[in-house]
Every structure is written in C-alpha cells, then in structure tokens.
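*Asks:* This structure is in structure tokens; I'll ask about it shortly.
There are 2 protein chains.
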Amino acid sequence: MRKSIATVSVSGTLTEKLEAIAAAGFDGVEIFENDLLACPLSPEEVRARAADLGLGIDLYQPFRDFEAVPPEVLAGNLRRAERKFQVMERLGADLLLVCSNVSPAAIGDDELAAEQLRLLAERAAEHGVRIAYEALAWGRHVNAYLHAWRIVRMADHPNLGTCLDSFHILSRGSDPIGIEAIPGEKIFFLQLADAPLLAMDVLQWSRHYRCFPGQGNFDLAGLTASVLRAGYAGPLSLEVFNDVFRQASAERTALDGMRSLIALEQNLDGVTHPAVPAGFAFAELADPDPGGGTLGGLLSALGFVRTGVHASKPVELWSQGEARLLLNAGADAGEPALVAIGLDSPDPGGAVKHAGSLLSPVLPRERAPEDVPLDAVAAPDGTEIFFCDTAWLADFAPAAPARLADLTPGTPVAGPITGPITGIDHVALTQPLHYFDEAALFYRSVLGLRPQESLELPDPYGLLRSKAMSAPDGAVRMVVNIAQVGAGHLPWQHIALACDDVVAVARRLRAEQPGLLLPIPGNYYDDLEARYEVDPELRRLGVLYDRDGDGGEFLHLYTVTVGRVFFELVQRVGGYQGYGAGNAPIRLAVQHAGA
Amino acid sequence: MRKSIATVSVSGTLTEKLEAIAAAGFDGVEIFENDLLACPLSPEEVRARAADLGLGIDLYQPFRDFEAVPPEVLAGNLRRAERKFQVMERLGADLLLVCSNVSPAAIGDDELAAEQLRLLAERAAEHGVRIAYEALAWGRHVNAYLHAWRIVRMADHPNLGTCLDSFHILSRGSDPIGIEAIPGEKIFFLQLADAPLLAMDVLQWSRHYRCFPGQGNFDLAGLTASVLRAGYAGPLSLEVFNDVFRQASAERTALDGMRSLIALEQNLDGVTHPAVPAGFAFAELADPDPGGGTLGGLLSALGFVRTGVHASKPVELWSQGEARLLLNAGADAGEPALVAIGLDSPDPGGAVKHAGSLLSPVLPRERAPEDVPLDAVAAPDGTEIFFCDTAWLADFAPAAPARLADLTPGTPVAGPITGPITGIDHVALTQPLHYFDEAALFYRSVLGLRPQESLELPDPYGLLRSKAMSAPDGAVRMVVNIAQVGAGHLPWQHIALACDDVVAVARRLRAEQPGLLLPIPGNYYDDLEARYEVDPELRRLGVLYDRDGDGGEFLHLYTVTVGRVFFELVQRVGGYQGYGAGNAPIRLAVQHAGA
Chain L
1 MRKSIATVSV SGTLTEKLEA IAAAGFDGVE IFENDLLACP LSPEEVRARA
51 ADLGLGIDLY QPFRDFEAVP PEVLAGNLRR AERKFQVMER LGADLLLVCS
101 NVSPAAIGDD ELAAEQLRLL AERAAEHGVR IAYEALAWGR HVNAYLHAWR
151 IVRMADHPNL GTCLDSFHIL SRGSDPIGIE AIPGEKIFFL QLADAPLLAM
201 DVLQWSRHYR CFPGQGNFDL AGLTASVLRA GYAGPLSLEV FNDVFRQASA
251 ERTALDGMRS LIALEQNLDG VTHPAVPAGF AFAELADPDP GGGTLGGLLS
301 ALGFVRTGVH ASKPVELWSQ GEARLLLNAG ADAGEPALVA IGLDSPDPGG
351 AVKHAGSLLS PVLPRERAPE DVPLDAVAAP DGTEIFFCDT AWLADFAPAA
401 PARLADLTPG TPVAGPITGP ITGIDHVALT QPLHYFDEAA LFYRSVLGLR
451 PQESLELPDP YGLLRSKAMS APDGAVRMVV NIAQVGAGHL PWQHIALACD
501 DVVAVARRLR AEQPGLLLPI PGNYYDDLEA RYEVDPELRR LGVLYDRDGD
551 GGEFLHLYTV TVGRVFFELV QRVGGYQGYG AGNAPIRLAV QHAGA
Chain A
1001 MRKSIATVSV SGTLTEKLEA IAAAGFDGVE IFENDLLACP LSPEEVRARA
1051 ADLGLGIDLY QPFRDFEAVP PEVLAGNLRR AERKFQVMER LGADLLLVCS
1101 NVSPAAIGDD ELAAEQLRLL AERAAEHGVR IAYEALAWGR HVNAYLHAWR
1151 IVRMADHPNL GTCLDSFHIL SRGSDPIGIE AIPGEKIFFL QLADAPLLAM
1201 DVLQWSRHYR CFPGQGNFDL AGLTASVLRA GYAGPLSLEV FNDVFRQASA
1251 ERTALDGMRS LIALEQNLDG VTHPAVPAGF AFAELADPDP GGGTLGGLLS
1301 ALGFVRTGVH ASKPVELWSQ GEARLLLNAG ADAGEPALVA IGLDSPDPGG
1351 AVKHAGSLLS PVLPRERAPE DVPLDAVAAP DGTEIFFCDT AWLADFAPAA
1401 PARLADLTPG TPVAGPITGP ITGIDHVALT QPLHYFDEAA LFYRSVLGLR
1451 PQESLELPDP YGLLRSKAMS APDGAVRMVV NIAQVGAGHL PWQHIALACD
1501 DVVAVARRLR AEQPGLLLPI PGNYYDDLEA RYEVDPELRR LGVLYDRDGD
1551 GGEFLHLYTV TVGRVFFELV QRVGGYQGYG AGNAPIRLAV QHAGA
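Spelled out as structure tokens, the structure:
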C-alpha cells in the first residue's frame, strides 16, 4: 500500500522533513500547514522539491472550525477556504483535511453542518480539491467517526468524504468495526497513530504522546483491517505529535515510522514471525581486562567456568547450565559492558531477513574465514543481536578451566557445567532517551516479543522509565529502560541469571566473597518483614523478595557493578512473571551511593 | 512558623537530602518512607544525623491502605503498623501520616473506618505515636478533607487527628474555607504543594507536577489562612513530587522551597511588596565589539543614539524615548548577550532588602568609588536585576553622538532622543530547564510581577515552554522561556521595544538596511490574509500581526540575531495584552534556518 506521513511527525524545517521522509522510502506526505507557513519556499517550490524527492502531496491539513456556524461566520470561513484552495493549487495538493469544529460558536445541528460542508465541497470542486471531514475526539458537537460519516452522507457531494484517524477513534473507546459501514470510496484518507494508555485530557494526550503503530497500546492492525474491508484504497499515513520525536533526528524518526508501517502491513498480511527466539544463546560482554580479571573473577564466584576459547578472536566462553557468557577482550568499550545478545533462533537466516525487511541495520559478518557465519542486526541502542542455531559453539575450542577449585587442573572443559544458575532469565538495556519508542517497536516487530508491564521507578536523581517485553512462552525476556536523571548519573545494564536456589548462592557468596554482593539496607528488611512473614535469613544474606497477587514469589540478589554492567540472580516461584520492580528503587539508591 | 519539607521533595540519597534541607534553613523534615528504606543508615543513625543538622523529624509517611477493611485484613494491617511504630521510635518520630485507603478491598463504611482508626490510635499511643489521617484525592471511599475529618471526629481519640494537604484539597476543587470547622488541635499536620492547572488524572498530576507555593495556580495563601484561623500551630511543610526537581540540585531545590514558604508567610502577614517596579530603567547587553560595532550598528539603525559613556567602566548608554540600553564591553559573555536588567524602583534599598529576605543572591557592588551605588540581585538564570532610581544616570557623561545622520557632529548628547521607539515593552529570557519553576516564583515573589499566560510553542527541533509575567499596571513585562529542543540548538533572549509605528520603522529599515530584519515567509502572509483583512504592506515589510478576541491588535517585527540576542519592535493597539505567541513558531523556524 501507498505509505505517507504528516510533516508534523518529524523534526526540522519543512525541507529537512521532506528529505528525511523521502530517504525513509515514503511515497507521499501530508503537509502540516504550520510547516508550510514557516517555510521560506513558495508553495510552487515546495511542490517541486517534493516531486524531486519522489514524494506526492497526499493531503493538506488542517482546516479548522468551518462547519455548523451562523451565517455571518460562514462568509468569513468560505473566504478563508478560498485562500487555502489557492495555496493547494500552487502546492499541487488536491485533498484538504477539515476537522470537526471545536469553537464555542459552533451549532449542534447536523443538517446545518452537512449543508455548509456541501457548500464547501462545491467550492472545492471548482479548484479540483476534495474535502476529507474528520471527527476530532474533542470536537464540540462532532467527536465520533460515525457522526462525521453521518454528516458526510447527509451532505452527499462527490468532493466530500471522511478522514479516519486511529487516535481520534480509539482514544474515545469507539469500536472501529463500524468503519465497515462506510463505503470505501467515501473514506478519503486514513491517518494512523498509536498511543500509550494514559488517563489524561484527550487533547493533551493527542498533542504530546502519540506514537507510531506498534509503539503504544492501541490495536492499529484491527482498525486498519476494518478500513481495508470497507474498501479503502488510499495511503496508510502516519500523523504523530510527540514531544520526544520533535527533538530527535528527523532521519531516524522517519525510518522508524516506515518500519512501523511495514510491520503493520506484515501483520495485516498474516506474515508469521519467523524469528521469535526460543531462548538466549549467549550474552556478550566487553572485557578489557581478560584472563580471569574483574569480570572473570565475578563469574567464577557465581559458579561459571570458562568452557571455551574462540578459534580466531580474543573471546572466551563461560558457562553454567544454559547460561553462556562471552567475554570479549577485543570489543571496543573501554570498560566492562554488554555489547551483544545471542538468541536461539529456529531460522537464523529467516530472522535476519525479516529484520532487514523491517529496516534494521544488518551487521557485516566480520570474522575469520574459518568461522561459523553468524547473522546479526543492531538494536536501537547499538547492542548487536545475533540469531543463532547451535553451530556457533563450534567456534569455541574447549578451554583450560578458569576455576580450578571445581575442576582437575589442566583438563580442557567442554561442559555441561551444572550449578544453581540454569540460564539467562532476562537482559536489561538502557536506551538513549530519544529511542525508547523505537526500541519498543524493534523488540516487538523484529524479535516478535510481546509488551508486558511499563513502569516508572523513582531513582535518587530522577526517574527510570522501564518497559518489559517477552516471548510468548517467557523463554526470552528483555527490559528496556530510559534513565531520566540529572547530569553525571550514568545508566547501567544488567544480565539477570535464572537460579534454582538464590538463597544457597547468597549463602556461599556471603561466606566466601561478600564484597561481590550489593549491600541491601536493613531498613528494607524492616519494611519487608512488616509486610510479609519472610525467612530472617533473607536479611542476613541480602536477598530481596517480592510477591504477586496470585502468591507467586520472586527472590533475587544483585552483584556489584563492574564497568557499566551488573548481574542479578533471580528465582521465580509459583508462576511469578514480574521483575521485582518494587525493589529496583532500593537497588538504584545503593548503586548510586557506591558509584 | 516552623518550616518543614518532605524528603521526597528534593533529589539525592537521604543523607544528601537532609544536608540540603538543613542548609536551606528548614526546622524539620517529613521522612518519606522510601527514602529511609533505601538508606544504609539505621533509623537511630538517621535520627542522630538529623539532630546534628538541627532538623526535627516532624512526620513519618506514608502508611497506606489501613482503615475500613475486613477483619482478616485488619490483623495484618495492625501487625504492619506495629513494625512501623517500632521504626518510628528508633527514628524519634512521633507523628505518622495515614492516607485514606485506595484498595479495592476497602469498605465504604465510615463507622468501620472510625472504629479501626481508633484502634490504630490506641496502639500508637502505646508507642507515644500520634496518627494524622489524610484524605487522598483518589482515595477509594474517602477523598475529601471534610470526610476525613468526620471520621476522625467519630473515632474520637486524642492520638488521632487529621492531616491537610493543599494539593488533595484544591485539586478536587474543594473549598478550603471548611477547614475552619476543624478545631486547630485536631489538625495534626499541614502539607503544602501548589500545581499548575492541568486536565489530567489527579494521581498522575500529583505524582509528577506538584510544585512549591507560588509556582502554580492554586491559592495557597487562602488555604493556609483558613488553617491558621482554625487554630493550627504546627509546621508549614512542603510535600512536592516533581519530575524536574527529582533531577535538579537538592541544595537549590531546598532553597527554592524555603523561599516559597517565606513568600507565603509574607503574603499571610500582609507584607506589602516594596519592590513592584514602575518600569524598565535599562537593559544591559554584553558587547564584545564596542564602538558602534554590530550591536551599535543595529541600534543606530533602529534610531537609538549613544547618549552617554560611563564614568569609570567601558559601558555606553544608548537611548530612544524611554528605552535605554547599556552596551558593556567589559562583560564576560564572549558574544552579544543580555546580562542585566535595570528596573525603576520606588524604593531600591527596600527592594533589595526584600529580595534578600527571599534568599535571592544579593550581588556585590563592584564599582569605582565615585560611582552611584546600585542594588542588584541575581535572577535564577544569572541575569543581574538592578533596582534603580534615576540617580544611576549620573554615572553617564553625555557622549559624542554615535549616529551622525541625526545629529550635529561633535556635539555631546544628553537626550531626550525622540523616535518611534518609546520604551522597553518586555524582556524575554531563556531559563535552564531545571529552574523554570524557580524563575516563576522569583519574578512573582521578589519583583511582585503577576503571572499571565503559560504557553507551549512548537519549535522546529522541539518545544518552547513560556510563561509571561507583568506588573499589575503592565509597566514591566517579563517572559521566561525554556527550550526543550534537541542537542545543538541554542536558545535566544530578546528585548521587545515598544513602538508607536512599527510600519514606519519597517518601511525605513526595508529601504535602508533590509538585512537587519528577520525575513518572514510569504506563506505566513497567505495565511494571515486568509484569516484577516490586513494591509498588504505588512507582507512587503515583514511586519507580523495578531488580533485578540476584543479587537486589540499587535503589530511586530524582529531583527536578526546578534550573538544570543535579538530585538523585537512591538506596537500594541486597542488594549492588546498578549505577546503575539501564535507568530513565535514562524520566528523560531526562520531563526533556526539562519543559525
């Protein structure tokens, strides 16, 4: 389908917007009037620039407060419209968006509205212009899409149709299935925007929090399916007002918008997701201090054993249960940091092809000739995501053990290494502020993860906003965070390791290497013990605890931070699905105090 | 009155918070439970630290979801309370805030609520603790302050009283005059928070947008007066949840909170404002390129004449009508920038004393011995604010004219210089993000300006948030902005000059020095002419236009930007009180394109 986007959705001058939109591969644009008013180019020059870039001008918008007005106001409104038709002729735009009247002067009379819109359509026809009438969610009398359609049908003019906007429909809780009552040829335009569910004034919600399809909580695929079933054949057009996008790179935002439309189309086409990962193959850490240094020491203490060395690169494999960590001495990070995630993929080739179809940057296969080929894409924060089958392990020759206490010295170790840690439970990445919505869409569309809880957590120096996502079966869980904190406070990443018995691990660490555990304040346990009857040993060991409404329990502990990264050990009991978010502020405060 | 603040109101660890709060001069604190839970100090250590800092612990808060529950829940709640009483004993806190129950399990039965709160008060009494019961605005059954008081009276226990919170009262639109029905000794605590008027879910509004008294739109003085009339003798305590304060400096936030309480007290005491300025005495610009360079050239073109030279500093006085601009070659700004504002003050000494009483940094009088003394304070963004009578002009000897075209060469000029510009209409300053609320309070409390409109304006690379303030008679108008824009886009300051005939000035500049005028896109005029019947000359000259609902008109133009600063010429017709905000996005787009 033809793909468009309103110029208001990306940042910059009109020229910059058009260039970014064209570069992202859109077919057309909606020219948002304020963007034109502030532009030094004449409408003819804008038209030529768009044409040079291969962009059609699919809509000019918005025209406000026109219909259902007293006769003395109508004359001025028609005069205003005539001027806009002239601009549109110069611009080469033949479709004008008319929003339902929000003025206190508007009259609640559908027949009057229809009569005046018919008059407007007649005038428009003289200029070769068509009118798309849209119900704003906060329209004074007309705020429901079926009401706008009723008026359009009443007016009965070939140059008058309706414009549907997913935000205006879904934010009011209207059921989009009624769209199928509208003949497709009378749906002149379709604007798409998603949004997070927020309890606030709908006008403010619309102006500041719209996002691209798949980034919020609305069912855009369901709505679009109804629009297509009605017979609509026009463009899918994004119209987003978003405070963050306003400040971000126009190129990147436009590309992300295009990704959202491609994902929506795939969803509509029933494209099954080839890439839903079946588990974590590995997590890769930059380790500037290799050979059992700080990171290796920490892993040893957690019961990991070095089980392999890469055939051609300075990378070690450390294992325990199904948890595999790569320590890469060649990664260019300067300090220990999470640089890559390997996902068990049922179809690595298909997965990377799917990622590529969604405009994710596919990474070059930089490796030695004899290495197993690995397919990878870059996540929005730069983390490399590898799609793996088990072949990747062939690159790692069994290594001399790094932890002599557990193994006979000198014996190469291939695994399996059994211990209390059974695998990787989840990985938490901190995103740059401007890419939070992009990250949500990436993990949802490229990896096929489903959104779970979204939270705001207090940090001593600000707020942490957090979104959790998981594979349908829970085999892969990812948490993306943004840290809205004061200057000078760095965000951390972490790997949460699934564990059979967190208390046992804590007991051993407390005895052997207590300095590796993040100290948890006694006041936390005073509160915990006020709320629940918990084993007093949790306090002695520094193990944190959470309980869900169904009696599921979560025991977890944190290591100290090494570079940008720390580890969490988590034990899920009785179907607990969360992440112990209530304890995160305690962790953040202790981490800041020690940073 | 005793002054307190909740630890949640400022950023940092609990220790950092206490230090900042003590440094700002508070008498006590409310310990916010989460701050204690995350603190490595024991309650006894926190108590000692507070005592060392001279801070009393006036309240421990909050205790949630206690009252009006089924019997099986009550037992657990009492157990939880017992643990908290123990913590409070260790902490040396004797007052516990209990918020009205928000749980779905709560029962809408006032007698049950009263009975259980009475039981809680009895238990509390055994620990020397008192209970302050507060109606949360989103409480499940109890969400109005008079309802909470009704339950407290019904429970009738000396250790049970009510806590009043201005946000919970005013956000619901409750009339605070009913507070006078509560005996003062049963008001155990008073929490104060202001807020901007926002149409959103009250819980989110409370958690993210509270601010200090005088920074928002609530009538805190009226509410506090009712509380005092009721006989309350406890502390005035600030409790603010604010996303910006969370990220800002604790020291600065605490000081600003103290300023808000002092201003509130002055307001209650009927302290009349000694410093409301009668006009702008001058605006001072850093001019690294003196002697009729870029800034001087621009001023000459606008009809200003150099009328004085400072006796001991490299500062020139440029005048036209009542507009006086100082060009300071010695200011340390690196580029042309607005560095100081002089205000005509009926009582400069009183004004600076008043500013000092509100904790504004009074600036040292750095000047040569023979100079006229000048009183000045620093505004939150660092701009110097001088309080002047006319004596300051004595420092400036008449200068040789800088604009020969208008005056006889070689003749020293003392003024008055008449021209189309009659004075300074307003000054617009861009604030650092974290000091926007502080700036609003500063201009309101220190200068006695009244808040006018608050706006959000689209910028090509973000949003501009803007607050206008003015003296009651309009003689002094200030606009403070914050620019929430992407990296690399600098904010600008500007001086708006009142003008009798903007069109005449534009005509002359267009003919003589068109490069000094900010070019306004033709598309702007296409739209303007669609909306209003305006003189086509506005388009030729680049004069912008606005009209208010009462037929007041505003004609204005902008100069190009020099360094960080530009000039606006404004002509107000028919009582227009605004700032042409609708045209600002056009200006911003053109400025960015030329930057």
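Chains as they are written, first to last, in this note's numbering: chain L, 1 to 595; chain A, 1001 to 1595. Every residue, glycine too, gets a C-beta built ideally from N, C-alpha and C.
1. Distance check for A:Ala1483 and L:Gln247, CA to CA, integer angstroms please.
2. For a contact defined as C-beta to C-beta under 8 Å, what are the partners of A:Tyr1524 on chain L?
3. Indicate the three-state DSSP secondary structure (helix, strand or coil) for L:Ala601 in the structure shown.
4. Between A:Asn1583 and chain L, is any beta-carbon pair separated by less than 7 Å?
5. Would DSSP call L:Met258 helix, strand or coil?
6. Flag A:Gly1549 as yes if its beta-carbon sits less than 7 Å from any beta-carbon of chain L, otherwise no.
7. For A:Leu1264, which residues of its own chain have a beta-carbon under 8 Å away from its beta-carbon, when the five flanking residues on both sides are left out?
8. So is A:Thr1007 in contact with chain L if we call contact Cβ pairs under 7 Å?
9. Where does A:Ile1586 fall in DSSP's three states?
10. Does the count of Cβ pairs from the stretch 1062-1080 of chain A and the stretch 1098-1115 of chain A closer than 8 Å reach three?
11. Can you check the stretch 502-557 of chain L for any alpha helix (DSSP H) of at least 4 residues that lies completely inside it and give the ranges in chain order?
12. Residues of chain A with CB closer than 8 Å to the CB of L:Tyr461, please, in chain order.
13. Look at the Cβ atom of L:Ala471, then the Cβ atom of L:Val276, and state whether they are nearer than 7 Å.
14. Looking only at its own chain, which residues have a Cβ that is under 7 Å from the Cβ of A:Asp1256, when we skip the five neighbours before and after it?
15. So which residues of chain A does L:Asn34 contact, with C-beta pairs closer than 8 Å?
16. Does the stretch 319-333 of chain L come into contact with the stretch 541-553 of chain L, if we say contact requires no fewer than three beta-carbon pairs (one atom in each stretch) closer than 8 Å?
17. With a threshold of 7 Å between beta-carbons, can A:Met1200 be considered close to chain L, or not?
18. According to DSSP, simplified to helix, strand and coil, what is L:Arg444?
19. Starting from L:Asp344 and walking both ways along the beta strand (DSSP E), at which residues does that stretch end?
20. Using the beta-carbon count (16 or more within 10 Å), is A:Ile1031 buried or exposed?
21. So the alpha helix (DSSP H) A:Pro1043 belongs to, where does it begin and stop?
22. Taking 7 Å as the CB-CB cut-off, is L:Pro521 touching chain A?
23. Let's test the definition: count the other Cβ atoms within 10 Å of the Cβ of L:Asn609 and tell me whether it reaches 16, buried, or not, exposed.
24. DSSP on A:Glu1239, reduced to helix/strand/coil?
25. Count the C-beta pairs between the stretch 1557-1567 of chain A and the stretch 1508-1519 of chain A that are closer than 8 Å, then say yes if the count reaches three, no if not.
26. Helix, strand or coil for L:Val244? Go by DSSP, reduced to three states.
27. Within 7 Å (strictly less), CB to CB, does L:Asp527 reach chain A?
28. Cβ of A:Arg1123 within 7 Å of Cβ of A:Ala1155?
29. Any idea if L:Leu450 is buried or exposed, counting beta-carbon neighbours within 10 angstroms, 16 or more meaning buried?
30. Do you know how far the Cα of L:Phe282 is from the Cα of L:Ile495?
31. Would you check if the distance between the CB atom of A:Ala1181 and the CB atom of A:Thr1162 is smaller than 7 Å?
32. Is it right to say A:Gly1128 is buried, meaning 16 or more other beta carbons lie within 10 angstroms of its own, or is it exposed?
33. Among A:Arg1507, A:Phe1304, A:Gly1342, A:Asn1328, which has the Cα closest to the Cα of A:Pro1416?
34. Determine whether the beta carbon atoms of A:Ile990 and A:Pro1176 lie at a separation below 7 Å.
35. So with CB distances below 7 Å, who are the chain A contacts of L:Arg83?
36. Between A:Leu1404 and the rest of its own chain, which residues show a CB-CB distance below 7 Å, the 5 nearest in sequence each way excluded?
*Replies:* Per the coordinate set shown:
1. 10 Å
2. Leu37, Ala38
3. The requested residue 601 of chain L does not occur in the structure, where chain L is confined to residues 1 to 595.
4. no
5. Looking at L:Met258 - three-state DSSP - the assignment turns out to be helix.
6. Against chain L, the CB of A:Gly1549 has no partner CB under 7 Å away; the residue lies outside that interface.
7. Leu1192, Pro1213, Gly1214, Leu1220, Ala1221, Thr1224, Leu1236
8. For A:Thr1007, no CB of chain L lies under 7 Å from its own CB, so it is not counted at the interface with that chain.
9. For A:Ile1586, the three-state secondary structure derived from DSSP is helix.
10. yes
11. 502-512, 522-531, 537-541
12. Ser1011, Gly1012, Arg1246, Gln1247
13. yes
14. Shown here for A:Asp1256: same chain residues with a beta carbon closer than 7 Å to its own, the five before and five after excluded, namely Phe1212, Glu1438, Leu1441 in chain order.
15. Those are Pro1458, Pro1585, listed as they occur along chain A.
16. no
17. True, the Cβ-Cβ gap to chain L drops below 7 Å.
18. helix
19. First-last of the beta strand (DSSP E) with L:Asp344: 337-344.
20. buried
21. Looking at the DSSP string, the run of the alpha helix (DSSP H) that includes A:Pro1043 is 1043-1052.
22. yes
23. Nothing can be reported for residue 609 of chain L, as the shown portion of chain L is limited to 1 through 595.
24. coil
25. yes
26. helix
27. yes
28. no
29. Here the sequence assigns Arg to residue 450 of chain L, which means Leu is not the residue at that position. Exposed, since its Cβ has fewer than 16 Cβ neighbours within 10 Å.
30. 11 Å
31. Taking the C-beta atoms as reference points, A:Thr1162 is found no nearer than 7 Å to A:Ala1181.
32. exposed
33. A:Phe1304
34. Examination of residue 990 of chain A is not possible in this model, given that chain A is present from 1001 through 1595 alone.
35. The answer, in chain order, is Asp1526, Glu1529, Ala1530.
36. Because the pLDDT of A:Leu1404 is 46, which lies under 50, any placement of that residue in the model is unreliable, and the number read from its coordinates should be weighed accordingly. Contacts found: none.
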